[in-house]
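Participant:
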Amino acid sequence: MVSISHETPEQTRTRLRRVLAEATFEVLPGHWAYHEHPAGPIPQPSADALALVRDEESWSVLGPAQGDETEVFGVFAFHFPAAADNSGFVGWLASELKDQLGTGVAVLCGYNSTQGGIYDYWLVPAQLLGGAVAHVRELAAEGGR
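Our numbering numbers the first residue of the sequence shown as 1 and each following residue consecutively.
#1: Alpha carbon to alpha carbon, how far is residue 86 from residue 33?
#2: Once you ignore the five residues that flank residue 74 on each side, which residues in its own chain have a CB closer than 6 Å to its CB?
#3: With distances taken from CA atoms, which of 13, 6, 42 is nearest residue 90?
#4: From residue 18 to residue 140, what distance separates their C-alpha atoms?
#5: So what does DSSP say about residue 9, is it helix, strand or coil?
#6: Tell me which residue opens and which closes the beta strand (DSSP E) that residue 26 is part of.
#7: What do you get for residue 53, buried or exposed, if any count of 16 or more other CB atoms within 10 angstroms of its CB means buried?
#8: Less than 6 Å between C-beta atoms, sequence neighbours within five positions excluded: which residues of the same chain meet that for residue 143?
#9: Which parts of the stretch 29-71 are runs of the alpha helix (DSSP H), unbroken and 4 residues or longer, counting only runs that do not cross its ends?
#10: For residue 78 and residue 8, what's the separation of their Cα atoms in angstroms?
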């Protein structure tokens, strides 16, 4: 369930650092990229693909990079505790990473009822993955205090 919170920016930052500290955080191995397919029948992604999305012109499969892509990403993921009020998390952490690393992010969400509900895959340029992970861990440590 999506939570609605009325709080000051500092209260939001404190709450979301606590949520981050309680979340399960995983860094996926390897590099990842989008692979385009024409609109029409659903492409059959490999078993290691993370996402399949489409617009009116094409399908995009997010899967392991094959070496010839223009944009290559590092990926990390969060699963949140079921009772966590993570409203605003994506905007907050995206702003933190932009401020710290100078990069935007892409975020894909899914739902797993056995692991708290909504989960996120975060994509950052592959060369910035180490810095992004370090900053996330630093924020989580602050939230755990």
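In this text, a Cβ means the ideal position worked out from N, Cα and C, and glycines have one as well.
Facilitator: The short version:
#1: 27 Å
#2: 124, 126, 129
#3: 13
#4: If you take the alpha carbons of residue 18 and residue 140, they lie about 7 Å apart.
#5: helix
#6: 24-27
#7: exposed
#8: 17, 18, 20, 21
#9: none
#10: Going by C-alpha positions, residue 78 is about 24 Å away from residue 8.
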